[in-house]
Amino acid sequence: MKNNKNSIICRAVLSVLTALCIIFSCSCSKFQHTYEPLGDGLEVTVLDVKQGDSIFIELPKERCMLIDAGENEYSKTVTDYISSKGFKKIDYLVGTHPHADHIGGMRKVIKKFDIGKIYMPRATANTKTFEKTLELIDDKGLSVTVAKAGVSILKEDDLSIDILAPNSDEYDELNNYSAVIKITYGATKFLFMGDAQTQSEREIRADVSADFIKVGHHGSKTSSGEEFVRRVGAKYAAVSVAEENDYNLPVEKIIDRWKNSGAQVLMTKDVGNIVAYSDGASLTVNGVKAEAGTTADYNKNNLQPNETPDGKWVLNTNTKRIHSNECPLIENIAKQNIKYSDESISELKKQGYKTCGSCKPTD
Ligand SMILES: [Zn+2]
Ligand SMILES: [Zn+2]
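Take the sequence shown: its letter number 195 is residue 1439 in this note's numbering, and every next letter is one higher.
As structure tokens, this is what we get:
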């Protein structure tokens, strides 16, 4: 009787467990079907670091990536921006090549943040900046993964980060060692050229088509060859360049080449930070959304920052950002995405809003 009772209990427990297993596996597979990784979004910021390059990328699932860190004197711009986004760790750090306008600020970045993986090309440069950066990487117990064509940084269902160049082991020109990075997120594609020149462009066999490109070498004529510009077919071409520089950059002919290819050219010297947000299907650049296949009418919105009607905050309902009335970035928000609000920031955060990293609004 006791045994019998036990076996009944056993059977009951077993069937409950089986039921749980079925429910669990059902909910798991259901979870996989309804899971929407694109809901997270991906945001690229080409930072205004004057004459240099630094690109910060917020990846889905609260991960991030930094490509270059500008000159040392602008490292604070870079580290402050990353901190303002709430990150303490950089999951993927790329030093495209050893020039100081790209890796000058790298030491400050490595000192300030936890670092996941570091990628740099196998290039030698006898500069203090480069040597000290390598020393610090060593001191921190980190190691460098060689950046070269074919290396995959990340591969997930809707997100992949690949290195497309360098394709050779030796170049005469240090710029050609530049790690060229392609990010594919859903249907949107981004390409980051470092200072790669036409020789490297020609060597890339991989698909270089992209909606958004960080143009090579600050708009210099040594990069952006005609054939390459055509292959990329970008909707947006971002140029990181200072208003005043010793190199007469960007070269007008190169800017026109991108424009004539159908791209909208944005330069940090004109607009400051260039922010491109992707929901996986469409792209919003500096607050203006572009449907697939069209070029955004960047100047459509004539709203002036000081003409804003009532409301303490200016909200971008598309990028879910909270801006102060004085924030220069609100000039670029498409009218249909603007909303004014007097609610507290904590209340707005509950609604999914984040504070702007540029004007840093506080209650
Ligand atoms: Zn360079
Ligand atoms: Zn450069």
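All C-beta atoms, glycine included, are put in the ideal place defined by N, C-alpha and C. It should be emphasised that the depicted structure is a prediction, and the values quoted were computed from it without experimental measurement.
Between Ile1498, Asn1489 and Leu1493, which has its C-alpha nearest Phe1472's C-alpha? Ile1498
Rounding to the nearest angstrom, what Cα-Cα distance links Val1293 and Arg1474 in this structure? 28 Å
Measure the beta-carbon distance from Ile1407 to Lys1392 and round it to whole angstroms, keeping in mind my assumption that it falls under 8 Å. Between Ile1407 and Lys1392 the beta-carbon gap is near 6 Å, inside 8 Å, which marks them as a contact.
Can you list, in chain order, the stretches of the alpha helix (DSSP H) that have 4 or more residues and sit fully within the segment 1559 to 1594? 1589 to 1594
Which one of Thr1368, Leu1378, Ser1327 and Ile1347 has the shortest CA to CA distance from Phe1223? The requested residue 1223 is not part of the displayed model; the chain covers only 1245 to 1607.
Could you tell me the alpha carbon to alpha carbon distance between Leu1592 and Val1532, rounded to whole angstroms? 21 Å
Could you tell me whether the segment 1456 to 1465 touches the segment 1483 to 1496, where touching means 3 or more Cβ pairs closer than 8 Å? yes
Any chance the CB of Asn1489 is under 8 Å from a heavy atom of ligand 2? Not one heavy atom of ligand 2 lies closer than 8 Å to the C-beta of Asn1489.
Would the segment 1344 to 1354 count as touching the segment 1304 to 1314 if we require 3 or more Cβ pairs under 8 Å? Touching, per the Cβ criterion.
Looking only at C-alpha atoms, which of Arg1351, Lys1503 and Asn1492 sits nearest to Lys1372? Arg1351
Based on the DSSP output, what are the partners of Thr1428 in its beta bridges? Ser1404 and Lys1433
With a threshold of 16 other CB atoms inside 10 Å of the CB of Asn1504, please say whether the residue is buried or exposed. Taking all protein chains shown into account, Asn1504 has fewer than 16 neighbouring C-beta atoms within 10 Å of its C-beta and is therefore exposed.
Measuring only the C-alpha atoms, how far is Gly1477 from Phe1434? 11 Å
Rounded to whole angstroms, what's the CA-CA distance from Lys1361 to Ser1387? Just pull it up for me. 8 Å
For Gly1296, is the beta carbon positioned less than 8 Å from some heavy atom of ligand 2? yes
Residue burial classification, Ser1422 (beta-carbon count within 10 angstroms, cutoff 16): buried
Label Asn1370 either buried or exposed according to how many other C-beta atoms from any shown protein chain fall within 10 Å of its C-beta, with 16 as the threshold for buried. exposed
Residue from Tyr1491, Tyr1521, Asp1514 and Ser1464 whose Cα sits closest to the Cα of Arg1501: Looking from the CA of Arg1501, the closest CA among Tyr1491, Tyr1521, Asp1514 and Ser1464 belongs to Ser1464.
Thinking just about the alpha-carbon of each residue, which of Ile1448, Ser1444 and Phe1436 is nearest to the one in Ala1454? Of the candidates Ile1448, Ser1444 and Phe1436, the one whose C-alpha sits nearest the C-alpha of Ala1454 is Phe1436.
Determine the extent of the beta strand (DSSP E) in which Thr1389 is found, giving its start and end residues. Val1388 to Val1390
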